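These notes concern the structure reproduced below.
In my numbering, the protein residues as written are 31 to 176.
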């Protein structure tokens with residue numbers, strides 16, 4: 031390997047780390063700007079553990095990024111693998127749901143929607159139906175269309 035190849039690999043590595051850091055900073059800025067962590071802490075009445083929420087998001091991002099480019103395999107039975115996938119799906123779905131609700135809350139989407147359609151009661155049922163519709167749609171997609 032020549033000196034220019036080493037220099038190019040070093041330059042690409044620095045560039046990749048900088049791009050990753052910039053992307054992660056953007057994601058954390060969005061999460062922070064929509065007050066997603068604060069919302070989760072308020073709803074669950076665990077405001078005193080706010081730093082733990084932030085640490086879990088950072089650790090999850092680091093582990094997720096590491097696993098996406100490192101090739102490794104864990105050999106488990108099909109049943110254990112199914113349990114792991116279901117748990118991951120539930121946790122990922124909760125994260126995306128919280129993200130979307132926090133974003134909609136920040137942008138004041140629901141009050142505008144309810145005012146435009148003159149909806150006075152039944153807001154909880156509407157939100158529940160939106161969630162159930164998304165869940166059923168995902169289940170149909172992943173079981174039959176994927």
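Where a beta carbon is used, it is the ideal one built from N, C-alpha and C, also for glycine. None of these values were measured; they are calculated from a predicted model.
Evaluate residue i with the Cβ neighbour count: other Cβ atoms within 10 Å of its Cβ, from every protein chain shown; 16 or more gives buried, anything less gives exposed.
i: residue 38; result: exposed
i: residue 170; result: exposed
In this structure, how does DSSP classify residue i when only helix, strand and coil are distinguished?
i: residue 76; result: coil
i: residue 167; result: helix
i: residue 172; result: helix
i: residue 160; result: helix
i: residue 150; result: coil
i: residue 140; result: helix
i: residue 101; result: coil
How is the alpha helix (DSSP H) around residue i delimited, first residue to last?
i: residue 132; result: 108-136
i: residue 38; result: 33-63
Going by beta-carbon coordinates alone, are residue i and residue j separated by less than 8 Å?
i: residue 67; j: residue 83; result: yes
i: residue 107; j: residue 65; result: no
i: residue 157; j: residue 144; result: no
i: residue 80; j: residue 71; result: yes
i: residue 9; j: residue 54; result: Residue 9 is absent from the structure shown; the chain starts at 31 and stops at 176.
Point to revise | Contact between the stretch 87-96 and the stretch 52-65 (3+ Cβ pairs under 8 Å) | key: yes
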